[in-house]
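Heads up: the structure comes next, in structure tokens.
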Amino acid sequence: MARLTIAIMSDIHAGERNGEWTHVLSEPPVARRGEQPLSDLTQLVEELQLQCDYLIAPGDIANQAEALGLSYGWRRAQALARQLQAKLIAVPGNHDVVSHSPASDPRALLKNLIPTFPTGDPALDDSFWAHGWAVIEEADHRFLLIDSTADFPPFPAHASEGDAEWEEYMTTVDRGGFPETMEDEIDAYLRSSTEKLNVAVVHHHPVEHQLRSYLHDGYGPMRRGSDLIDLLSRHPLAGRWIVIHGHKHIPQLVNAVSASSNGPLVMCAASLGAKLWSPVNTVTRNQFHFVDVIADSDPQTPSIVGTVRSFTWGYGEGWHLSERTGAGLPGTSGFGCAEDFRQVGDRLIQHMDTDALEFVSYEELTAAVPQLPYMLPRDFTHLEDHLEARGFMFTRDRQQQIVQLSRRT
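This is the structure we're talking about:
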């Protein structure tokens with residue numbers, strides 16, 4: 004069994020100029036509580052004594068490619084990784100590269116960061132910049148880092164904002180891409196790879212977001228994103244994958260549409276620092292995620308499962324465990340359950356009916372139905388509806404965590 008604990012801080016959008024778009028302005032080392040998400044995060048980690056194996060930053064560390072914001076965000080990410088006793092890894096986002104003005108090397112700011120970007124290993128990072136991807140191999144797990152900005156075209160210096168050439172260029176930048184050459188190289192690498200717990204990290208979204216209507220954009224998923232999903236699906240001997248990305252600011256956990264049951268799970272991380280706009284701010288807030296990923300944990304569960312703790316930040320409030328609705332991902336959620344929610348519900352009811360129990364603790368429920376914690380958030384909502392229609396309901400504590408399942412009176 005392989006197990007990883009991963010913290011995710013996506014779309015920090017650190018900057019110095021534009022307070023209209025970000026909460027993370029380059030500020031003195033100490034900020035008042037509830038004023039700056041990054042500063043407050045150090046307090047959350049200290050109070051809860053959080054630790055993890057990896058801290059992942061899936062792009063947009065900077066806001067609008069500001070040099071000071073990028074160096075500040077990277078420095079604060081390094082400090083947080085040390086506090087978490089974790090290794091920091093990242094990938095570029097469209098806000099981390101110079102894309103709105105001519106530049107001889109749009110990625111120069113990233114390449115000059117200290118420690119080196121995206122892993123802190125100079126040799127591996129040089130390979131990442133040369134090929135657009137890199138792999139971190141450990142005994143029981145691997146990370147695949149993908150640069151979805153690698154195929155950005157040169158800035159159209161002669162185009163005017165709003166004309167056809169400008170709009171085509173901006174759509175390319177907003178979507179990101181997965182070039183064929185990159186696919187071929189990764190495919191060759193995975194053919195000889197042994198089975199491990201696999202995590203792919205990329206900034207742009209390889210599958211269309213389920214709540215696209217809230218985003219009011221029309222550019223669609225990453226170019227050749229479906230080819231990335233297919234690539235990760237067609238090498239079962241290397242193990243199953245979870246893909247972690249940012250960019251969309253509304254978090255979600257979904258099963259990727261794949262021709263194989265070996266298709267990856269996909270997690271879109273929330274934005275840690277961007278100021279959210281309407282109507283996005285009606286379904287999410289700024290969030291920080293803590294993910295436990297497990298491979299081959301139990302014969303009754305599929306090859307990769309996990310749980311996610313999500314924390315929400317509010318101005319004047321700081322960080323707290325997320326609410327069940329309206330904040331993005333709920334405080335506790337899962338992924339990887341292979342059973343239909345109706346099957347899970349019926350097994351829970353059967354467990355209670357066998358001994359005519361009036362209530363059962365959550366710990367006993369998970370022992371009886373091991374896949375319960377790994378249900379997707381949407382499926383868990385359907386599960387509750389299924390149970391309530393049959394006279395059962397979950398009881399929760401003040402933190403909205405499930406305590407027991409009981410019969411409705």
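This note's numbering numbers the first residue of the sequence shown as 4 and each following residue consecutively.
Positions of the beta carbon are idealized from the N, C-alpha and C atoms, including for glycine.
Given this structure, state the Cα-to-Cα distance separating residue i from residue j, to the nearest angstrom.
i      : j      : result
Pro282 : Thr197 : 44 angstroms
Val311 : Asp154 : 32 angstroms
His292 : Trp244 : 18 angstroms
Gln392 : Asp356 : Going by the sequence as given, residue 392 is Ala instead of Gln. The straight-line gap from Cα to Cα measures roughly 16 angstroms.
Asp230 : Ala60  : 23 angstroms
Val363 : Arg350 : 13 angstroms
Arg237 : Arg194 : 9 angstroms
His323 : Trp316 : 7 angstroms
Phe120 : Gly179 : 19 angstroms
Ile352 : His98  : 49 angstroms
Ile405 : Val286 : 22 angstroms
Val202 : Val296 : 9 angstroms
Phe191 : Pro182 : Per the sequence shown, residue 191 should be read as Ala rather than Phe. If I take the Cα positions, the gap works out to 15 angstroms.
Trp494 : Ala68  : Outside the displayed range of the chain (4 to 412) lies residue 494, so it cannot be described from this structure.
Glu140 : Asp166 : 45 angstroms
Val27  : Gln39  : 6 angstroms
With distances taken between CB atoms, is the gap from residue i to residue j smaller than 7 angstroms?
i      : j      : result
Ile234 : Ala298 : In the sequence under discussion, the amino acid at residue 234 is Leu, which differs from the Ile named in the question. No, the Cβ-Cβ distance between Leu234 and Ala298 is not below 7 angstroms.
Leu275 : Asn289 : yes
Gly348 : Leu408 : no
Gly321 : Arg36  : yes
Ile247 : Val204 : yes
Thr152 : Pro95  : yes
Leu73  : Leu112 : yes
Ile307 : Gly337 : no
Gln403 : Gly331 : no
Val294 : Ile9   : yes
His144 : Leu279 : no
His16  : Ala277 : yes
Trp136 : Met185 : yes
Phe344 : Asp382 : yes
Phe397 : Arg410 : no
Thr369 : Leu375 : yes
Rounded to the nearest angstrom, how far is the Cβ of residue i from that of residue j, given a contact under 8 angstroms?
i      : j      : result
Val210 : Ala259 : 6 angstroms
Glu19  : Leu71  : 5 angstroms
Ile253 : His212 : 7 angstroms
Ser13  : Gly249 : 4 angstroms
Ala80  : Leu58  : 7 angstroms
Thr45  : Gln86  : 6 angstroms
For the beta strand (DSSP E) containing residue i, name the first residue and the last one.
i      : result
Met396 : 395-399
Val269 : 268-273
Leu309 : Per the sequence shown, the amino acid found at residue 309 is Gly instead of Leu. Looking at the DSSP string, the run of the beta strand (DSSP E) that includes Gly309 is 307-317.
Ala5   : 5-11
His16  : Unbroken run through His16: none, as it is neither H nor E.
Leu58  : 57-60
His26  : Run containing His26: none; DSSP gives neither H nor E here.
His161 : Neither: His161 is in no beta strand (DSSP E) and is coded neither H nor E.
Gly321 : 321-324
Would you give the residue range spanned by the alpha helix (DSSP H) that residue i belongs to?
i     : result
Leu47 : 40-51
**OP:** Please specify which runs of the alpha helix (DSSP H), each continuous and at least 4 residues long, are wholly inside the region 71-157, giving them in chain order.
**Re:** 111-114, 125-134
**OP:** Please go through the region 171-219 and give each complete beta strand (DSSP E) segment of 3 or more residues, from N-terminal end onward.
**Re:** 200-204
**OP:** Return the chain-ordered ranges of every alpha helix (DSSP H) run that is complete within the region 327-404 and spans a minimum of 4 residues.
**Re:** 344-357, 365-371, 380-391
Original post:
Which full runs of the beta strand (DSSP E) of 3+ residues lie inside the region 231-292, going along the chain?
Top reply: 244-252, 255-258, 268-273
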